[in-house]
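In the numbering used here, the protein residues as written are 91 to 648.
Remarks on the structure that follows.
Below is the structure:
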């Protein structure tokens with residue numbers, strides 16, 4: 091047993107001098123000054139306090155400790171001598187002279203120490219996430235995330251919203267992304283993990299819950315990228331009798347409040363956020379977040395090439411020219427290499443061209459002087475190729491450069507993207523598909539175009555994405571509240587089969603029986619993120635299950 095702590099390791103200051111205290115925490119590196127004098131910092135989630143030991147017996151016991159062992163100490167707070175005061179520490183004016191010591195758990199075989207200046211690569215840190223989480227940086231992020239969640243809840247409740255938890259186990263429907271299926275012991279019956287609470291929150295609107303929100307878990311079995319996770323959290327909300335402008339205004343005020351409470355930054359002068367149409371975004375910037383159908387986008391691959399803690403100021407970028415190996419002749423590629431030679435002494439350190447063929451698809455980066463020696467790439471499971479969507483006969487241009495200018499980390503530029511096409515052509519099925527999801531309402535003036543050629547007529551939807559500094563942080567829309575219009579889109583435009591359409595019967599019935607006009611949005615906001623392969627390295631999942639368990643669920647590997 092051990093006594094309960096009286097203070098945290100970040101509490102103590104000169105006003106506590108003379109008090110007897112009990113501290114719990116992780117031992118850091120001991121400094122032995124003499125046979126009877128040693129110093130040992132102790133750290134917890136709230137700070138660090140220096141311990142001083144003047145007993146030869148205690149010093150001997152402390153010497154047996156390994157770094158990151160969990161300990162409890164008792165002692166008296168004393169004032170540091172003037173020359174040893176450390177103003178860089180909140181507790182730097184005092185230290186605790188210990189007279190009792192308890193080793194609660196000895197730490198062994200740590201792959202790294204959280205206070206190391208040079209940390210291992212991300213894969214190692216993800217595998218031992220519980221050690222990585224002891225770092226102040228990650229702890230502060232989690233505390234800010236917690237404060238952000240509290241701020242969101244408080245703001246929305248004051249705005250008249252009701253927090254409602256919706257089920258995670260749902261039925262399989264075609265909302266857009268692939269689903270994770272969950273087998274049951276009833277042969278042939280499956281749940282699907284919810285991609286979002288979309289249909290449930292529309293049912294809540296039909297049920298008269300005027301304003302709904304939740305901080306929801308969502309699951310999508312999509313191709314993995316650096317900005318996608320198979321499971322993620324979103325701030326999800328829906329409102330009845332509302333227009334798009336009202337939703338955007340609410341979100342702007344919500345985000346201003348979060349920035350103020352969590353970061354201490356006043357962004358009131360940013361309201362209203364600027365807006366541009368989807369068409370303007372494509373014509374002016376060449377891309378829309380998160381639309382990835384448009385090629386020739388410069389991708390930042392620094393995280394694949396350099397250590398995240400690298401302070402050299404270098405960036406690595408890639409441009410993938412689809413089918414470029416066949417479109418460009420050898421002489422044209424050679425001229426690009428001449429440009430590379432001319433740029434060696436400029437700020438653009440080097441550009442390398444890599445042809446991609448079937449044999450090289452998994453190791454094309456080994457031809458690039460910039461990429462071939464990257465230890466991070468050697469540990470990746472083809473993740474860079476997946477991130478860049480590199481295929482046979484593509485041409486990959488790799489660039490390494492110094493940062494040309496510094497963008498202030500406190501410059502937050504919000505942007506609404508609106509007027510998306512309601513439908514896009516799906517090359518795999520040959521049918522039209524919803525650009526976002528099939529519940530988005532068309533803009534009123536385009537409703538009549540639905541009955542003509544919805545693709546050629548470029549029907550626009552009442553969808554809006556919110557982008558912050560080039561990253562999509564949320565998206566929403568005004569929903570279809572007419573059962574007739576929703577059924578027409580399912581059957582005549584998306585051409586769902588009878589079986590596919592039947593999966594939405596619950597929604598059609600709700601729309602038929604007095605569902606008000608409604609709309610909403612979801613904002614993306616993980617302590618245990620998945621790796622690029624989609625696996626959780628901390629607990630080693632996904633994992634195999636026994637044949638007996640599979641038989642129980644009627645599953646057979648083929």
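Even for Gly, the Cβ is constructed at its ideal location relative to N, Cα and C.
A quick note: this is a predicted structure, and the numbers were derived from the prediction, not measured.
If you draw a straight line from the C-alpha of residue i to the C-alpha of residue j, how long is it?
i: residue 101; j: residue 119; result: 21 angstroms
i: residue 438; j: residue 355; result: With a pLDDT of 39 at residue 438, under the threshold of 50, the modelled position of that residue is not reliable, and the figure given next carries that caveat. Going from the Cα of residue 438 to the Cα of residue 355 covers about 35 angstroms.
i: residue 294; j: residue 252; result: 11 angstroms
i: residue 351; j: residue 406; result: 35 angstroms
i: residue 559; j: residue 647; result: 45 angstroms
i: residue 449; j: residue 490; result: 25 angstroms
i: residue 552; j: residue 138; result: 52 angstroms
i: residue 169; j: residue 202; result: 33 angstroms
i: residue 548; j: residue 513; result: 8 angstroms
i: residue 242; j: residue 234; result: 12 angstroms
i: residue 428; j: residue 458; result: Note that residue 428 has pLDDT 49, beneath the 50 cutoff, so the model's placement of it is unreliable and no number is given.
i: residue 146; j: residue 129; result: 12 angstroms
i: residue 310; j: residue 502; result: 29 angstroms
i: residue 181; j: residue 396; result: 35 angstroms
i: residue 380; j: residue 504; result: Here residue 380 scores only 35 on pLDDT, less than 50, and its place in the model should not be relied on; the value that follows carries that caveat. Roughly 15 angstroms separates the two Cα atoms.
i: residue 433; j: residue 543; result: Confidence at residue 433 is low in this model, with a pLDDT of 47, below 50, so its placement is unreliable and the value that follows should be read with caution. Rounded to whole angstroms, residue 433 to residue 543 spans 51 angstroms at the Cα level.
i: residue 165; j: residue 641; result: 60 angstroms
i: residue 96; j: residue 179; result: 20 angstroms
i: residue 563; j: residue 214; result: 28 angstroms
i: residue 392; j: residue 212; result: 13 angstroms
i: residue 649; j: residue 125; result: Outside the displayed span of the chain (91 to 648) sits residue 649, for which this structure offers no information.
Since residue i and residue j should fall inside the 8 angstroms C-beta cutoff, what is the C-beta to C-beta distance between them, to a whole number of angstroms?
i: residue 238; j: residue 348; result: 5 angstroms
i: residue 190; j: residue 161; result: That pair is no contact at about 11 angstroms.
i: residue 571; j: residue 515; result: Going by Cβ atoms, the distance from residue 571 to residue 515 rounds to 27 angstroms, so no, they are not a contact pair.
i: residue 586; j: residue 485; result: Rounded, the Cβ-Cβ distance is 39 angstroms, inconsistent with contact.
i: residue 192; j: residue 92; result: 5 angstroms
i: residue 367; j: residue 135; result: That belief does not hold up - the Cβ atoms of residue 367 and residue 135 are roughly 47 angstroms apart, past 8 angstroms.
i: residue 281; j: residue 260; result: 7 angstroms
Under DSSP, the alpha helix (DSSP H) around residue i begins and ends at which residues?
i: residue 291; result: 288 to 296
i: residue 341; result: 334 to 348
i: residue 229; result: 226 to 248
i: residue 394; result: 392 to 395
i: residue 576; result: 573 to 578
i: residue 476; result: 473 to 478
i: residue 592; result: 588 to 592
Kindly indicate which three-state DSSP category residue i falls into: helix, strand or coil?
i: residue 329; result: strand
i: residue 429; result: Its pLDDT being 48, under 50, residue 429 is placed unreliably in this model, and the value from its coordinates should be taken loosely. Of the three classes helix, strand and coil, the one that applies to residue 429 here is helix, per DSSP.
i: residue 411; result: strand
i: residue 183; result: coil
i: residue 220; result: helix
i: residue 583; result: helix
i: residue 201; result: coil
i: residue 534; result: helix
i: residue 134; result: strand
i: residue 455; result: helix
i: residue 95; result: coil
i: residue 251; result: coil
i: residue 104; result: helix
i: residue 496; result: Caution is warranted here: a pLDDT of 49 is assigned to residue 496, below 50, making its placement in the model unreliable, and no coordinate value can be reported.
i: residue 372; result: helix
i: residue 421; result: helix
i: residue 367; result: strand
i: residue 486; result: strand
i: residue 358; result: helix
i: residue 215; result: helix
i: residue 510; result: coil
i: residue 447; result: coil
i: residue 542; result: coil
i: residue 638; result: helix
i: residue 208; result: coil
i: residue 481; result: coil
i: residue 353; result: helix
In terms of residue numbering, what span does the beta strand (DSSP E) encompassing residue i cover?
i: residue 56; result: What is shown of the chain runs 91 to 648, which leaves residue 56 out entirely.
i: residue 602; result: Note, residue 602: premise wrong, no beta strand (DSSP E); alpha helix (DSSP H) at 595 to 602.
i: residue 166; result: 160 to 169
i: residue 277; result: Per DSSP, residue 277 belongs to no beta strand (DSSP E) and is neither H nor E.
i: residue 612; result: 608 to 614
i: residue 524; result: 522 to 524
i: residue 306; result: 301 to 309
For residue i, write down the residues that DSSP places opposite it in a beta bridge.
i: residue 142; result: 129, 187
i: residue 260; result: 282
i: residue 516; result: DSSP lists no partner for residue 516.
i: residue 561; result: 558
i: residue 109; result: Residue 109 is not bridged to any residue.
i: residue 117; result: 132
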